[in-house]
Amino acid sequence: MQLLELQAQQLGEMESQMNHIAQTVHIHKEKVARREIGVLTANKVSSRQFKIVAPINPEKPIKYVRKPIDYSMLDEIGHGINSASHPQVRQKHRGSSHGSVQSLLPPSVGPPPTTKPPTPPQMSRAGNTGTLGKSVSNTGTLGKSSREYRTPPVVNPPQ
């Protein structure tokens with residue numbers, strides 16, 4: 002039994018030596034092949050010259066002249082409100098360029114509204130709690146637990 006184990010151990014050592022020799026031969030063949038490829042190559046001719054060359058006669062810089070901006074060129078561009086019934090006469094003026102938007106719009110068409118817009122609910126000062134029960138101080142929001150939060154009454158459809 003020991004003799005068999007000894008032979009198996011010797012065979013394992015011989016296999017290891019054969020693999021080492023095969024690896025060494027493979028490395029040598031690779032070196033020779035690379036050397037032969039290197040013989041067939043040609044050296045690159047590199048010129049030692051700057052890529053960017055300064056001009057012989059430099060251009061003289063142009064003096065900056067400030068021009069006022071004329072925004073009236075952009076008046077006809079875009080999706081503004083155009084009213085065919087109210088032609089606007091455009092006047093160029095040398096005043097402030099800060100005007101209100103309402104002054105630029107044509108007058109509104111139709112009568113003024115007859116009903117008063119609804120007033121927003123007022124928040125009470127006592128027991129200010131917002132969403133999730135967190136304390137809120139004057140945020141202007143109403144939580145569901147607030148007394149001012151009301152759902153509208155159900156309206157039955159006419160029959």
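The sequence shown begins at 2 in this note's numbering and counts up one residue at a time. A virtual CB, placed ideally from N, CA and C, is assigned to each residue, including glycine.
Query - Given Q123 as reference, the closest of R35, R151, E16 and P113 once Cα atoms are compared - result: Selected option, being the one with the closest Cα: R151.
**Report entry** G13 - containing alpha helix (DSSP H), residue span
**Finding:** Counting along the chain, the alpha helix (DSSP H) containing G13 begins and ends at Q3 to L41.
Query raised in the report: Heavy atom of the ligand ADP less than 7 Å from the Cβ of A43, yes or no?
Result: Among the ligands in the structure shown, none appear at all, so the ligand ADP cannot be discussed.
Query raised in the report: Per DSSP, what kind of secondary structure is Y72 in: helix, strand or coil?
Result: It is helical.
Query - Residues of its chain near N20, where Cβ-Cβ distance is below 8 Å and the 5 sequence neighbours each way are ignored - result: Shown here for N20: not one same chain residue has a beta carbon closer than 8 Å to its own, the five before and five after excluded.
Report task. Return the CA-CA distance between F51 and I57, expressed in angstroms with no decimal places. Result -> Put simply, the backbone Cα of F51 is about 15 Å away from that of I57.
Report task. Report the rounded CA-to-CA distance for E16 versus K32, giving the unit in angstroms. Result -> If you take the alpha carbons of E16 and K32, they lie about 25 Å apart.
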